[in-house]
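**Q** Handing you this structure, nothing more for now.
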């Protein structure tokens, strides 16, 4: 167990659907992140939350909407996605934002948009 | 522009052999460099971290080196095992920022170990 749990592991959705990804961390960390991982490309930072406040939005389209109700839970709400949004979505947490403490990743949600 | 380049993109070796993965970066100012291992279907896991003053760090059969002058790092795997099959990602932090956007990821090297 990584200490960071993501559900669902796999998701197939049509372009008109609305779905949500869930992430939960049991490590007592203060920062949580959403990353997008596409084949043969570096991880792309999407959103950062520190003490449940959004601190970074990396120019992500509005069809992705994050929510952080507390320091242990993070959601990514999806609506009217495009086929190019198909990717592995990784949640991560760390003691503090930035590169001084290691990122602890979940196992990701494999998203396919049809 | 802050960038991290990894080579090779993919590598296949026989079980028991050694291999070395390369990471070149243009990140400035440099803070630290981490190597992550990502098994298929799982999230990345941190293997090693090195700061400016460190030039080598070991974690079992994994040894990372850092040359801050040439801005290069390598990850050497000794006596490879089938469980070493994974993607290895080089990640560099920018000094002076406590921002996640200042963590720069490489594209990774896909390593396959054949029996």
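Residue numbers (this note's numbering), protein chains in the order written: chain A, 64 to 177; chain B, 46 to 160. All C-beta atoms, glycine included, are put in the ideal place defined by N, C-alpha and C. All values derive from a computational prediction rather than experimental measurement.
Closer than 8 Å is the cut-off here; do at least three beta carbon pairs connect the region 108 to 128 of chain B with the region 145 to 152 of chain A?
**A** The region 108 to 128 of chain B vs the region 145 to 152 of chain A: no contact.
**Q** How should residue 75 of chain A be labelled, buried or exposed, when 16 other C-beta atoms within 10 angstroms of its C-beta is the threshold for buried?
**A** By 1-based counting over the first chain, the position of residue 75 of chain A is 12. Exposed, since its Cβ has fewer than 16 Cβ neighbours within 10 Å.
**Q** Just tell me which of B/54, B/61, B/78 and B/52 has its CA closest to the CA of residue 149 of chain B.
**A** Residue mapping note: residue 149 of chain B aligns to position 104 of the second chain, counting from 1. Comparing Cα positions, the closest option is B/78.
**Q** How about residue 74 of chain B and residue 155 of chain B: do their beta carbons lie closer than 7 Å?
**A** The residue given as residue 74 of chain B occupies position 29 in the second chain. The residue given as residue 155 of chain B occupies position 110 in the second chain. No, the Cβ-Cβ distance between residue 74 of chain B and residue 155 of chain B is not below 7 Å.
**Q** My understanding is that residue 133 of chain B touches residue 66 of chain B, with C-beta atoms under 8 Å, so please give their C-beta distance in whole angstroms.
**A** Position 88 of the second chain, counted from the first residue, corresponds to residue 133 of chain B. Position 21 of the second chain, counted from the first residue, corresponds to residue 66 of chain B. The pair is a contact, with the Cβ atoms about 5 Å apart (cut-off 8 Å).
**Q** Measure the alpha-carbon distance for residue 100 of chain B versus residue 151 of chain B and round it to whole angstroms.
**A** Residue 100 of chain B sits at position 55 when you count from the first residue of the second chain. Residue 151 of chain B sits at position 106 when you count from the first residue of the second chain. Whole-angstrom Cα-Cα distance: 20 Å.
**Q** Given a limit of 9 Å on CB to CB distance, which residues of the region 90 to 105 of chain B reach chain A?
**A** Of all residues in the region 90 to 105 of chain B, 90, 91 and 94 have a Cβ within less than 9 Å of some Cβ in chain A.
**Q** Would you mind reading off the limits of the beta strand (DSSP E) that contains residue 81 of chain A?
**A** Counted from its first residue, the first chain places residue 81 of chain A at position 18. Counting along the chain, the beta strand (DSSP E) containing residue 81 of chain A begins and ends at 81 to 88.
**Q** Is residue 128 of chain B helix, strand or coil when you go by DSSP?
**A** As a first step, residue 128 of chain B must be located in the second chain, where it is residue number 83. Helix, per DSSP.
**Q** Just the chain B side, please: which residues come within less than 9 Å of residue 108 of chain A by C-beta, in chain order?
**A** Here residue 108 of chain A is taken as the residue at index 45 of the first chain, counted from 1. By Cβ distance, chain B contributes 145, 146, 148 and 150.
**Q** Whose C-beta lies closer than 7 Å to the C-beta of residue 14 of chain A among residues of the same chain, with five residues either side of it excluded?
**A** This structure cannot settle anything about residue 14 of chain A, because the visible part of chain A is limited to 64 through 177.
**Q** With residue 113 of chain A and residue 94 of chain A assumed to form a contact (beta carbons below 8 Å), what rounded beta-carbon distance in angstroms separates them?
**A** Position 50 of the first chain holds residue 113 of chain A. Position 31 of the first chain holds residue 94 of chain A. So it is a contact: roughly 5 Å between Cβ atoms.
**Q** Within the 7 Å Cβ cut-off, does residue 17 of chain A reach chain B?
**A** No information on residue 17 of chain A is available, as it lies outside the stretch 64 to 177 that chain A covers here.
**Q** Go ahead and pull the three-state DSSP assignment for residue 74 of chain B.
**A** In the second chain, the residue the question calls residue 74 of chain B occupies position 29. In this structure, residue 74 of chain B counts as coil in the three-state DSSP scheme.
**Q** Skipping 5 residues on each side, what residues in its chain have a beta carbon closer than 7 Å to that of residue 129 of chain B?
**A** On the second chain, position 84 is the one that residue 129 of chain B refers to. Answer for residue 129 of chain B: 122, 156 and 158, listed in chain order.
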